[in-house]
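Notes follow once the structure below has been shown.
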Amino acid sequence: MRLLLAEDEKELSHALVTVLLHNNYSVDAVYNGQDALDYINMGNYDGAILDIMIPKMDGITVLKKVRASGNQIPILMLTAKAEIDDRVLGLDCGADDYLTKPFSMKELLARLRAMTRRQTTAADTTLSYGNITLDRGTYMLSSKTESLRLASKEFQMLEMLLANPGQVISTEQFMDKIWGYDSDAEQNIVWVYISYLRKKLTALQANIGIKAVRGLGYTLEELHD
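The opening position of the sequence shown corresponds to residue 1 in the numbering used here, with each subsequent residue numbered one higher.
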């Protein structure tokens, strides 16, 4: 799951990124509101954490612009302001939740889980294709006879493929969605994780496979005898 974090306190931002990465989130961190808006408009995020008091464009203005564009990305407002009026303003402008500094990391993680869960509740909590099912809540990949738990990036890659069976997903799309725009990872890391996934699908005796489309990317297809 990929998040955008907009927090101008560098020390806090680094701490939040560390915790979020440890909890299997992919994170892009920015330090002002204009960058936050630009990154959100690029798409590919499952949620955003916006501090209100950030330079260039405050978090409430970013929130208003995002909602005015029709984007319903889940947004958690993060701020040192504790007054009720500020919380009401944020929620009235379209925020999904509100957390006041100082806060515990456990509470932040719990609120993120609840916020993103609300987004996916209407959608299926499982994805299925062929004889394979992926549980979005537990990261378990299952066939009729066996189950395996996927690592975070394996899960995210297979989730993208299962949500778009038959469609080609480029290496760049995987990199942007999972590793983030600013990642130092080499693009061949995508191939490495595709290899991991292929081995796990084989272990589950899946009747689907990941096909490489030369020069374009990867797609999920049913295997035929």
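Ideal Cβ positions, reconstructed from N, Cα and C, are used throughout, including at glycine. Bear in mind that the values here come from a model prediction, so they are computed numbers and not experimental data.
Does the contact criterion of 3 or more C-beta pairs under 8 Å hold for the stretch 122-142 versus the stretch 153-164?
Verdict: yes, contact present.
Which complete alpha helix (DSSP H) runs does the stretch 50-121 hold, if anything under 4 residues is left out?
Qualifying alpha helix (DSSP H) stretches, in chain order: 59-68, 84-92 and 105-121.
Can you give me the C-alpha to C-alpha distance between isoleucine 40 and arginine 149, rounded to a whole angstrom?
Each residue's alpha carbon lies about 30 Å from the other.
Per DSSP, what kind of secondary structure is leucine 17 in: helix, strand or coil?
Residue identity check: residue 17 is valine in the sequence provided, not leucine. DSSP places valine 17 in helix when its eight states are reduced to three.
Take glutamate 146 as the anchor and find which of Thr133, Lys65 and Ser152 has the nearest alpha-carbon.
Measuring from the Cα of glutamate 146, the nearest candidate turns out to be Thr133.
Got a sec? Which residues, its chain only, sit under 6 Å from leucine 91 by beta carbon, not counting five neighbours each side?
Taken in chain order, the list of residues that qualify is empty.
Compare the C-alpha of glycine 137 against each of Leu20, Ser152 and Asp51 and name the closest.
If we check each option's Cα against that of glycine 137, Ser152 comes out closest.
Give me, in chain order, the residues of the same chain whose beta-carbon lies closer than 6 Å to that of tyrosine 25; leave out the 5 immediate sequence neighbours on both sides.
Here the set comprises Met1 and Leu3.
Determine whether the beta carbon atoms of isoleucine 60 and isoleucine 52 lie at a separation below 7 Å.
Yes, these two residues count as a Cβ contact at 7 Å.
Buried or exposed for phenylalanine 232, going by 16 or more other Cβ atoms inside 10 Å?
This structure cannot settle anything about residue 232, because the visible part of the chain is limited to 1 through 225.
Can you tell me which of the three DSSP states lysine 211 falls into?
DSSP places lysine 211 in strand when its eight states are reduced to three.
Tell me glutamate 222's beta-bridge partners as DSSP assigns them.
DSSP lists Ile208 as partners of glutamate 222.
Do valine 30 and alanine 36 count as a contact pair if the criterion is CB distance below 7 Å?
Closer than 7 Å, so yes.
Bridge partners of arginine 198, per DSSP?
Paired residue(s): none; arginine 198 is not in a bridge.
So, leucine 21 versus isoleucine 49, is the Cβ gap smaller than 7 Å?
It is not a contact, given that the beta carbons lie outside the stated cut-off.
Quick one: residues in its chain with C-beta nearer than 6 Å to the C-beta of methionine 140, no 5 flanking neighbours on either side, listed in chain order?
Contacts found: Ser147 and Arg149.
Check whether the Cβ atoms of glycine 94 and arginine 67 lie closer than 7 Å to each other.
Result yes, Cβ atoms of glycine 94 and arginine 67 sit closer than 7 Å.
Quick one: what's got a C-beta closer than 6 Å to arginine 198's C-beta in the same chain, skipping five residues either side?
So the qualifying residues of the chain are Ile210.
Would you call serine 104 buried or exposed, if buried means 16 or more other Cβ atoms sit within 10 Å of its Cβ?
That one is exposed.
Specify, as a first and last residue, the run of the alpha helix (DSSP H) that alanine 163 falls within.
Start and end: 152-163.
Would you kindly report the start and end of the unbroken alpha helix (DSSP H) that includes tyrosine 129?
No alpha helix (DSSP H) contains tyrosine 129, which is instead part of the beta strand (DSSP E) from 126-129.
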